[in-house]
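The structure under discussion appears below in the form of structure tokens.
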Amino acid sequence: MEAPVFRRPPKGVVTQHLVITNFGRARGHTQEELEVLLRDFRPTGAWLGGAALSHVSFACESDAAAAQAALDRRKLGTGVITARYAELGEVKLPGAVVPAAQSLREADIPGLKLLTEFISEEQESELLAAIDTRPWDTTVKRRVQHDGYAFDYHTLKVDISRKMGPLPDFVQTLLSAADAQGCGLPDPDQLTINEYLAGVGIAWHVDTHSAFEDTILVLSIGAPIVLEFRLERPDAGAAPSEGIVSKKLATASEHDQSASSPRDVSRDTRETAATGGPAVCDASSACGTDTSSAQSPTRGGAVDARPLWVPARSLLVMSGESRLRWHHGIASRSTDTDPDGATVPRGRRISLTFRRVRNKWECRCPWAGVCDTQRPASLCVPTRLKPGATVAELMEERRRAQEAGILAGT
């Protein structure tokens, strides 16, 4: 059954619908587990979300209230869930609401390269199999794996004293191929593997200047994706030579919240509901959430936004301005529009991001507004975490931030 569109109701309003946070496919849950969770409450419908949110409907408000009281703050093996009221949102008619992706030439972003068919289908299958034999970290919305160096959650930088070991053997062949093609990142020593299911995205961000060297490589396998690049326009308060970001585009790297396209119509966008909610970083870059509700993601208006079509098995090379000045992110939705204008359902995508760690580097690039050396405020470090906070406390901080932004409008 097709899931309805949900949104946050007015404050204090009790409805016959609930949103369950910290419960979804990205947390490793299944539809069967959701039905077991709800079996004592007589739901009329239950929808497992692709991210970390699920929805449930009841025949009447009293049934929903009973479930809300019983489920809110319940502790599960995967963490504490919350139950909040939701209401049905208006279903917008489909049409040209998701911008068509562009080719690399059309996007025309300085310093950006895209090598299509960088690996074969056979190599892709081998990589997917190797990745899936390893344990996944499920503490954030996406499932992730880290190799090389660990992140410091308090500084949002790499702690060079915490080396986790070498990069896995199964990436060595493709790194040799990248080096042979002059991609500009010899001997990377940090790897982040992200899993993106349909509906899961990542907030627009600039990877921390001082933490990593100029060039970053991103290999995409599984399904294609639209990766959007954004730049604040001078008339929005930033000088072209500075690239200073406004509150719309603050600055992070491994994000817990996803970016939401302002005109996206999919239910999964409502699930992550980054629009209007605070962004909390959990790794190494300057983080931000798109709070624009009226500006469509085009080259007009306050933000210059350029959606790039990234095929499976392609290698994206970000260096120079594309790496240090432009924000990049993935909108949370279930479909994309390819360069031919066709609607393409999203599938499971795995990204392998390769970086090289810098040691005590002070960046003096021309883009001070997104540079953590020249503008430390560009790093939105979690402010409510006391020194020495545990990872569990960080997760609780992140959960509160997610909840504050949940279903924040349509």
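For the sequence shown, the residue numbers in our numbering are 3 to 412.
Note that CB positions come from ideal geometry on N, CA and C, so glycine has one too.
Distance between residue j and residue i (C-alpha atoms, nearest Å)
| i | j | result |
| --- | --- | --- |
| Thr339 | Ala88 | 29 Å |
| Leu219 | Thr46 | 46 Å |
| Asp181 | Phe120 | 12 Å |
| Arg41 | Gly52 | 21 Å |
| Ala152 | Leu193 | 10 Å |
| Asp171 | Ser334 | 32 Å |
| Gly113 | Thr217 | 9 Å |
| Phe25 | Gly201 | 14 Å |
| Ala68 | Ile195 | 40 Å |
| Ile83 | Ser56 | 11 Å |
| Leu115 | Thr80 | Strictly speaking, residue 115 in this sequence is Lys, with Leu absent from that position. Those two C-alpha atoms are separated by around 39 Å. |
| Pro190 | Ser105 | 27 Å |
| Ala179 | Cys185 | 9 Å |
| Ser324 | Asp209 | 11 Å |
| Val15 | Ala54 | 23 Å |
| Glu126 | Glu37 | 35 Å |
| Gln174 | Phe8 | 45 Å |
| Arg107 | Thr118 | 13 Å |
| Met320 | Cys367 | 15 Å |
| Gln376 | Pro188 | 27 Å |
| Ser380 | Asp374 | 6 Å |
| Glu35 | Asp306 | 42 Å |
| Gly322 | Leu354 | 20 Å |
| His207 | Pro378 | 15 Å |
| Gln147 | Leu177 | 18 Å |
| Leu317 | Arg44 | 48 Å |
| Ala109 | Lys77 | 46 Å |
| Arg136 | Ser122 | 22 Å |
| Leu169 | Gln183 | 20 Å |
Sequence-distant residues of its chain with Cβ nearer than 7 Å to residue i (five each side left out)
| i | result |
| --- | --- |
| Ala103 | Val228, Pro309, Leu310, Trp311, Asp338, Thr339, Asp340 and Pro341 |
| Pro6 | Leu90 |
| Arg351 | Tyr198, Ser222, Gly224, Ala225 and Ile227 |
| Trp363 | Ser212 |
Cβ neighbours of residue i in the same chain (closer than 8 Å, five flanking residues each side left out)
| i | result |
| --- | --- |
| Gln18 | Ser59, Phe60, Ala61, Cys62, Glu63, Asp65 and Ala66 |
| Glu214 | Per the sequence presented here, residue 214 reads as Phe, with Glu not at that position. Excluding sequence neighbours, Phe214 sits near Val160, Gln192, Ser286, Arg357, Arg358, Val359 and Arg360. |
| Arg145 | Ala28, Gly30, Trp138, Asp139, Asn196 and Glu197 |
| Pro11 | Thr17, Tyr87, Ala88 and Glu89 |
Classification of residue i by the beta-carbon crowding that lies within 10 angstroms, buried from 16 upward
| i | result |
| --- | --- |
| Arg75 | exposed |
| Asn361 | exposed |
| Ala124 | In the sequence on display, residue 124 carries Glu and not Ala. Answer is exposed; the Cβ neighbour count stays below 16. |
| Gln70 | buried |
| Glu234 | buried |
| Thr32 | exposed |
| Gly203 | buried |
| Lys13 | exposed |
| Met166 | exposed |
| Gly371 | buried |
| Arg315 | buried |
| Gly343 | exposed |
| Asp134 | exposed |
| Ser163 | exposed |
| Ser212 | buried |
Where residue i sits in the DSSP three-state scheme
| i | result |
| --- | --- |
| Ile83 | coil |
| Phe172 | helix |
| Ser316 | strand |
| Glu126 | helix |
| Lys250 | With a pLDDT of only 34 at Lys250, under the threshold of 50, the placement of this residue in the model should not be trusted; the figure read from the coordinates follows. Correct three-state label for Lys250: coil. |
| Leu199 | coil |
| Ile111 | coil |
| Gln70 | helix |
| Ala180 | helix |
| Lys388 | With a pLDDT of 42 at Lys388, under the threshold of 50, the modelled position of this residue cannot be trusted, and the question is left open. |
| Ser163 | strand |
| Val220 | strand |
| Gly137 | Checking the sequence shown, residue 137 turns out to be Pro, not Gly. Pro137: coil per DSSP, three-state reduction. |
| Gly371 | helix |
| Leu310 | strand |
| Gly322 | helix |
| Ala102 | coil |
| Ala213 | coil |
| Arg76 | coil |
| Asp189 | coil |
| Ala379 | helix |
Sequence-distant residues of its chain with Cβ nearer than 6 Å to residue i (five each side left out)
| i | result |
| --- | --- |
| Ala85 | Leu20, Ile22, Gln70, Leu73 and Asp74 |
| Leu129 | Ile223 |
| Gly349 | Ala225 |
| Val346 | Asp338 and Asp340 |
| Phe231 | Ile111, Arg308, Trp328 and His330 |
| Pro313 | Thr118 and Pro226 |
Residue i: CB within 7 Å of a non-hydrogen atom of the ligand NAP
| i | result |
| --- | --- |
| Val38 | In the structure shown, the ligand NAP is absent, as is every other ligand, since no ligand is present at all. |
Checklist entry - In the segment 24-63, which residue ranges form an unbroken alpha helix (DSSP H) of at least 4 residues, counting only runs that do not cross its ends? => result 33-39
Checklist entry - Can you give, in chain order, each stretch of the beta strand (DSSP E) that sits fully within the segment 334-359 and has at least 3 residues? => result 337-339, 345-347 and 351-357
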